[in-house]
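Take a look at the structure set out below.
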Amino acid sequence: FLRDRMTMTTTTTTTPTTTTTATSSTSATAQVDLLDLAAAAISSAMIAADPIRQTVSQSVVEATIKVDGSFVTVADGAAQELIVHSIRKVSPHVRIVGEEIVENNSRIPATKDYNREAREELGSRLARSGGRAFPRCVDCSRVTVVIDPLDGTKHYIKGNYEMVTTLIGIIVDNEACFGVICKPFGYLCNDDFFETHEQWGDEKCFAIYGGNLIQGIYVARGDELSQPATRNQCMPKVIISSARSDQRMRQYIQILAQRGCVDPEPMFVGGAGEKCLRLLTGKENESLWFFPKTGTSVWDVAAGDALLRVWGGRISDQFGKDIDYSRSWEDAANRDGIVAANTESLHKSCLKVLEEREWGRI
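Going by the working numbering, the letters in the sequence shown line up with residues 2 to 363, in that order.
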């Protein structure tokens, strides 16, 4: 299914070079300003859109199959390098877990830096929210930054750019407190839902960000997002990947539908970041995403987890346990699956069905 202009190779590398853990006495006592870190996350996600867009303009794009069977391109590594570089400028000590294996490169090309603009915007948002649930500065040993530089790589290779996102989550004490979802290509149709008042970078690129750190969800250089409401009394929709729409998944959806929880017909949406974005906007009543077995990793859900928490939504494993972000890169897979919903009640309903009808024995 790869485009003719794509080439494909295989790699067996298993150890990342950008996953770091603060272990020195200096890092144990150093502190980081969470708003500065959040600003770097917003800015770097927007900047990372450049290599993602530029790579597709080349005549040949190398697509590599990793040992886990997933795809990676040169754009994945280039985007992650830019993000890590930006985070490290704020703090050399916070723990970073990035999906890709990239070489540490001190010669990052000069790019536009939106840190100052993002920091000013965050400050004004926080002032209007009337307070914060997290302290301004915390010990670096309490912080993890989780990065998926290019989510939806398979769609990216196929040219389905609307499913592509960049995801960054900030974790404090194993709780997702801030997330960024950036759309490097935006949407093909003009969507005023994400209208910005002043552009950062490419005119089609946009990002949403937020979390309990600033007690809200916003479009970068745009307005605050409002919590989605059920439209026209339609039932909430389940979103799943078409590749994972097997008989068991459909049977679970039918059980939820029979109990009056969801619409019996799911929507097919690609990419973890795009799924989380749909749960946040709910423009077509997208409300639930679940896949109760291995298939996602911590970098797929950290940003969405932080964002959904603002409105009382939740991402957990199939047993209702919070995602453990303290795991190492090698153990980053969500082995007990994920259940993501934009309301607590729908999340509980899904967990109840999974508890009653154990996955694989339906």
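Note that the Cβ used here is the ideal one computed from N, Cα and C, for glycine as well.
Reduced DSSP category for residue i - H, G, I as helix; E, B as strand; rest coil
i	result
L347	helix
R251	helix
S317	strand
W330	helix
K238	strand
A342	strand
L289	strand
T297	coil
G272	coil
G217	strand
Q228	coil
P17	Since pLDDT at P17 reaches only 49, below the 50 mark, its modelled position is unreliable, and no value is offered.
T24	A caution first: T24 carries a pLDDT of 43, below 50, which makes its placement in the model unreliable, though a value can still be read off. If DSSP states are grouped into helix, strand and coil, T24 belongs with coil.
D323	strand
G187	coil
G223	strand
Range of the contiguous beta strand (DSSP E) that encloses residue i
i	result
C178	176-184
A208	207-212
R96	96-99
Given residue i as reference, the closest of the options once Cα atoms are compared
i	options	result
T74	V165, S87, R117, V95	V165
C235	E285, G78, G314	E285
S298	Q252, N213, V98, C262	V98
I324	V147, D77, F207, F72	V147
K238	A341, Q55, A79	A341
H156	S243, G271, Q228, L38	G271
V144	F186, R245, R117, I172	I172
S227	M268, L280, G187	L280
S317	A258, F291, D140	F291
Supposed contact pair residue j and residue i - C-beta distance, whole angstroms, cut 8 Å
i	j	result
G223	S130	Not quite, the Cβ-Cβ distance comes to about 16 Å (not below 8 Å), so this is no contact.
G180	Y210	7 Å
E345	G313	5 Å
D310	A221	One detail in the question is off: residue 310 reads as Arg in this sequence, not Asp. About 19 Å; that fails the 8 Å criterion.
T167	A31	Wrong, their Cβ atoms sit about 27 Å apart, outside the cutoff.
S87	A41	5 Å
Endpoints, alpha helix (DSSP H) assigned at residue i
i	result
T56	35-57
V73	Counting along the chain, V73 falls outside any alpha helix (DSSP H), though it belongs to the beta strand (DSSP E) covering 72-74.
Residue-chain proximity (residue i, chain C), Cβ-Cβ < 8 Å
i	result
S298	In the displayed structure, chain C is absent; only one protein chain is listed.
Which runs of the alpha helix (DSSP H) at least 4 residues long sit entirely within the region 116-177? Give them in chain order. 116-130, 154-159
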